[in-house]
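In short: position in the sequence shown from 1, add 6, done, that's the numbering used here. Glycine included, each C-beta is placed from N, C-alpha and C at the ideal position. Working notes, structure below.
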Amino acid sequence: MRAAFSTGLRRVELREVIAERSNVDISVHRTAVELREAMAKLGLDPAPDATRGKLVETLLERFVEPALIQPTFVYDYPRDISPLAKGKPGDPTTVERFEGFVGGMEICNAFTELNDPFDQEQRFLEMGRDYHADDEQRHPLDEDYIQAMRYGMPPNGGFGMGIDRLVMLLADKPNIREVILFPHLRRREAREETNGD
Numbered sequence: 007m008r009a010a011f012s013t014g015l016r017r018v019e020l021r022e023v024i025a026e027r028s029n030v031d032i033s034v035h036r037t038a039v040e041l042r043e044a045m046a047k048l049g050l051d052p053a054p055d056a057t058r059g060k061l062v063e064t065l066l067e068r069f070v071e072p073a074l075i076q077p078t079f080v081y082d083y084p085r086d087i088s089p090l091a092k093g094k095p096g097d098p099t100t101v102e103r104f105e106g107f108v109g110g111m112e113i114c115n116a117f118t119e120l121n122d123p124f125d126q127e128q129r130f131l132e133m134g135r136d137y138h139a140d141d142e143q144r145h146p147l148d149e150d151y152i153q154a155m156r157y158g159m160p161p162n163g164g165f166g167m168g169i170d171r172l173v174m175l176l177a178d179k180p181n182i183r184e185v186i187l188f189p190h191l192r193r194r195e196a197r198e199e200t201n202g203d
C-alpha cells in the first residue's frame with residue numbers, strides 16, 4: 007500500500023469521478039427515479055425506495071472507492087448526502103465537502119459547517135420525509151441545534167480522520183485488526199460475561 011503514496015495527490019470532483027468509473031453522470035440524472043434507471047442499465051438493482059443520495063453513495067462505494075489507490079481528494083458532494091454541510095455558492099445542489107481516499111478506502115471527511123438555521127431546519131424536514139425512521143443516514147429534527155444556530159453560529163468547518171486506517175496504510179497492513187491496540191478485548195469481555203465474572 008505504500009506504493010500508493012509515490013504517485014502524488016489527485017483532486018477530483020465527485021460527479022466527475024463517478025462518471026469516469028461508472029459512465030453515469032449524476033448531474034444529468036437529477037431525481038432518484040432517473041438515477042435508479044441509469045443504475046439498472048449497469049446491471050445494478052438498487053432498492054426501489056432508495057433516495058437519490060443513497061444511490062449516489064452506492065455508485066461511490068461500488069465503482070469509485072476501490073479504484074482510489076493513489077491519495078485522492080474527492081470534493082463537491084451532493085447536498086442530499088451531506089445534511090450538515092454548507093452549500094456551494096451558486097449551486098444549491100452541491101455542498102462544500104471533501105473526502106480523502108488512499109488504498110481503496112476513505113481516510114478522512116471534511117466540510118464547511120452549515121450555519122443557516124432556516125436551511126438546516128429545511129434539510130432536517132426533508133430527511134425526515136425522504137428517509138425511513140430506522141435509516142442510520144436520517145437526521146431527526148434537532149430543535150436545540152436549530153435554536154443554537156439562531157443565536158448566531160460563526161462560520162466554521164470540521165475535519166475527521168480515521169487514524170487507525172492511516173496507521174494501517176503507513177504500516178502496510180492489509181487488515182485493520184493488525185493496528186488496533188486491543189483488537190481482542192471485545193471477545194474476552196464476552197467470555198467473562200458468559201462465565202459469570
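Inset, instruction - Look at the Cβ atom of Thr-78, then the Cβ atom of Val-18, and state whether they are nearer than 8 Å. - result: yes
Legend entry - Given Asp-82 as reference, the closest of Leu-131, Gln-76 and Ala-91 once Cα atoms are compared: When only C-alpha atoms are compared, the closest one is Ala-91.
Legend entry - Three-state secondary structure (DSSP) of Lys-179: coil
Legend entry - Residue closest to Pro-123, alpha-carbon to alpha-carbon, out of Phe-107, Glu-102, Arg-103 and Gly-93: Comparing Cα-Cα distances from Pro-123 to each of Phe-107, Glu-102, Arg-103 and Gly-93, the minimum goes to Gly-93.
Legend entry - Helix, strand or coil at Val-18 according to DSSP, with G and I counted as helix: strand
Inset, instruction - State buried or exposed for Glu-102, treating a residue as buried only when at least 16 other CB atoms are found within 10 Å of its CB. - result: With 16 or more other Cβ atoms within 10 Å, it is buried.
Legend entry - Inter-residue spacing [alpha-carbon to alpha-carbon] between Leu-15 and Gln-76: For Leu-15 and Gln-76, the gap between their C-alpha atoms comes out near 7 Å.
Inset, instruction - Specify the secondary structure class of Pro-94 as computed by DSSP and reduced to three states. - result: Note on identity: in this sequence residue 94 is Lys, with Pro being the wrong assignment. The answer is strand: DSSP assigns Lys-94 an E or B state.
Inset, instruction - Give the DSSP bridge partners of Asp-85, in chain order. - result: A quick correction: the sequence has Arg, not Asp, at residue 85. Bridge partners of Arg-85: none, in fact.
Inset, instruction - Return the bridge partner residues of Phe-104 from the DSSP annotation. - result: Tyr-81 and Ala-116
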